[in-house]
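Contents: one structure, followed by commentary.
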Amino acid sequence: MTTRRRYTLTQYLIEQRRRFPSASGDFNALLLDVALACKAIARSVAFGELSGMPGSDLVDGSTTVNVQGEEQKRLDVISNIYFTEMTEWGGHLAGMASEEMDEPYQIPKTMQRGKYLLVFDPLDGSSNIDVNVTVGSIFSILRAPQDVIDSGRDVVEADFLQPGTQQMAAGYALYGPTAMMVLTVGNGVAGFTLDPNLGQFMLTHPSMKVPEDTHEFAINASNSRFWEAPVKRYVDECLAGKTGARGKDFNMRWIASMVAEAHRILLRGGVFMYPRDTKDPSKPGRLRLLYEANPVGMIIEQAGGRASTGREPMLTVQPTALHQRIGLVFGSKNEVERIERYHAEPAEYKERNPLFAERSLFRD
Ligand code: AFP
Numbered sequence: 001m002t003t004r005r006r007y008t009l010t011q012y013l014i015e016q017r018r019r020f021p022s023a024s025g026d027f028n029a030l031l032l033d034v035a036l037a038c039k040a041i042a043r044s045v046a047f048g049e050l051s052g053m054p055g056s057d058l059v060d061g062s063t064t065v066n067v068q069g070e071e072q073k074r075l076d077v078i079s080n081i082y083f084t085e086m087t088e089w090g091g092h093l094a095g096m097a098s099e100e101m102d103e104p105y106q107i108p109k110t111m112q113r114g115k116y117l118l119v120f121d122p123l124d125g126s127s128n129i130d131v132n133v134t135v136g137s138i139f140s141i142l143r144a145p146q147d148v149i150d151s152g153r154d155v156v157e158a159d160f161l162q163p164g165t166q167q168m169a170a171g172y173a174l175y176g177p178t179a180m181m182v183l184t185v186g187n188g189v190a191g192f193t194l195d196p197n198l199g200q201f202m203l204t205h206p207s208m209k210v211p212e213d214t215h216e217f218a219i220n221a222s223n224s225r226f227w228e229a230p231v232k233r234y235v236d237e238c239l240a241g242k243t244g245a246r247g248k249d250f251n252m253r254w255i256a257s258m259v260a261e262a263h264r265i266l267l268r269g270g271v272f273m274y275p276r277d278t279k280d281p282s283k284p285g286r287l288r289l290l291y292e293a294n295p296v297g298m299i300i301e302q303a304g305g306r307a308s309t310g311r312e313p314m315l316t317v318q319p320t321a322l323h324q325r326i327g328l329v330f331g332s333k334n335e336v337e338r339i340e341r342y343h344a345e346p347a348e349y350k351e352r353n354p355l356f357a358e359r360s361l362f363r364d
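Using the UniProt record's numbering, read the sequence shown as starting at 1 and increasing by one per residue.
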């Protein structure tokens, strides 16, 4: 009897490293530490209430609020600890930043410091935990500025403010019916499924590609009254279906777990929008640039899709703050480019369509 040959994440990384004969192996070792943290989170999530870690409250029944002003679930806090504890020891990191930590995390002075920065959202979609819907972790790896590497000094916010084009790797883990890790090291996108018997991520999706066209979109329609004109136009046209400008019917999805939506789009195409809106002028968008939009943007673009603010390519945005929020549109290339075109010509569209405000399903 023959078994079907499957490669582990470790083997995949060794294979990738062969492209860089002088590489030290630090980068791969760091990715394996991140994978270990994700396996630990997958186990905690999978046990649900049985883990003794119900999602809603902290140990003493109290709740906390993170730097975003959002309520932290107990698993948010625990996932953050898994990430920091399982990656700080290896000597590969100069520092870390997380959705759950106000300030950059310093590698303890008693440990070796390295040349990479790890930025992560340890548990995206955590408001879905209590209802047993897919959640995930998102991460991005940057190179630390040279003076940080040379001096081994503490990291500061400015060290992390690098555009998405500078990412060395990006990935997410998905804690759903199966646990998966999806990764890019700048050479396409590969997906791994966690084999619970072996405790190993096995390569199951070697070359993930986002279809260029789609008839599926995802947006939180309850925000429609706050959308800008180009987004209203796009969604109106999708809703009009066969009878409208697009001449085809569309389907809508909303999981409220961006990492799960990104995965669906990687597998069968689609477009995701959490655009800039007018809901709260202090927040230009809902999602975070450094640990949500940029890593997902890199993955989607490495898979042939596109990620954008609507106005410019996501990966070229120069960050200005660690926890900066931004409008995000990503997915099937032709749809994202269409949305970008609408942003480039909103005034013209309104002129050509004087009934826009009155006739729109999502009118002003
Ligand atoms: P949580 O991690 O707080 O659940 O937020 C999830 C998220 O950042 C992203 O994964 C979703 O797409 C988005 O928020 C959902 O936002 P709505 O609450 O507006 O649906």
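Even for Gly, the Cβ is constructed at its ideal location relative to N, Cα and C. As the structure is a prediction and not an experimental result, all values here were calculated from the model.
Inter-residue Cα distance where the pair is residue i and residue j
i           : j           : result
residue 161 : residue 238 : 36 Å
residue 157 : residue 95  : 10 Å
residue 19  : residue 113 : 25 Å
residue 85  : residue 217 : 38 Å
residue 317 : residue 287 : 14 Å
residue 10  : residue 273 : 34 Å
residue 109 : residue 333 : 45 Å
residue 220 : residue 150 : 46 Å
residue 229 : residue 343 : 8 Å
residue 107 : residue 328 : 31 Å
residue 246 : residue 236 : 10 Å
residue 77  : residue 99  : 10 Å
residue 163 : residue 3   : 44 Å
residue 102 : residue 195 : 35 Å
residue 39  : residue 298 : 22 Å
residue 205 : residue 21  : 25 Å
residue 337 : residue 240 : 20 Å
Cβ pair residue i, residue j closer than 7 Å
i           : j           : result
residue 177 : residue 231 : no
residue 123 : residue 174 : no
residue 90  : residue 29  : yes
residue 305 : residue 210 : yes
residue 121 : residue 291 : yes
residue 307 : residue 300 : yes
residue 188 : residue 265 : no
residue 303 : residue 168 : no
residue 87  : residue 118 : yes
residue 191 : residue 180 : yes
residue 325 : residue 285 : yes
residue 104 : residue 65  : no
residue 81  : residue 234 : no
Residue burial classification, residue i (beta-carbon count within 10 angstroms, cutoff 16)
i           : result
residue 322 : buried
residue 50  : exposed
residue 5   : exposed
residue 147 : exposed
residue 198 : exposed
residue 283 : exposed
residue 72  : buried
residue 251 : exposed
residue 345 : exposed
residue 249 : exposed
residue 242 : exposed
Rounded Cβ spacing between residue i and residue j (contact assumed at less than 8 Å)
i           : j           : result
residue 263 : residue 182 : 7 Å
residue 223 : residue 277 : 6 Å
residue 12  : residue 142 : Not quite, the Cβ-Cβ distance comes to about 21 Å (not below 8 Å), so this is no contact.
7 Å Cβ cutoff, residue i in contact with chain D
i           : result
residue 329 : Here chain D cannot be found, since the structure has a single protein chain.
Next item on the list: Taking 7 Å as the limit, tell me which residues put their C-beta closer than that to any heavy atom of the ligand AFP, in chain order.
Entry: 70, 123, 124, 125, 126, 127, 128, 220, 223, 254, 256, 257, 258, 259, 261, 274, 286, 287, 292
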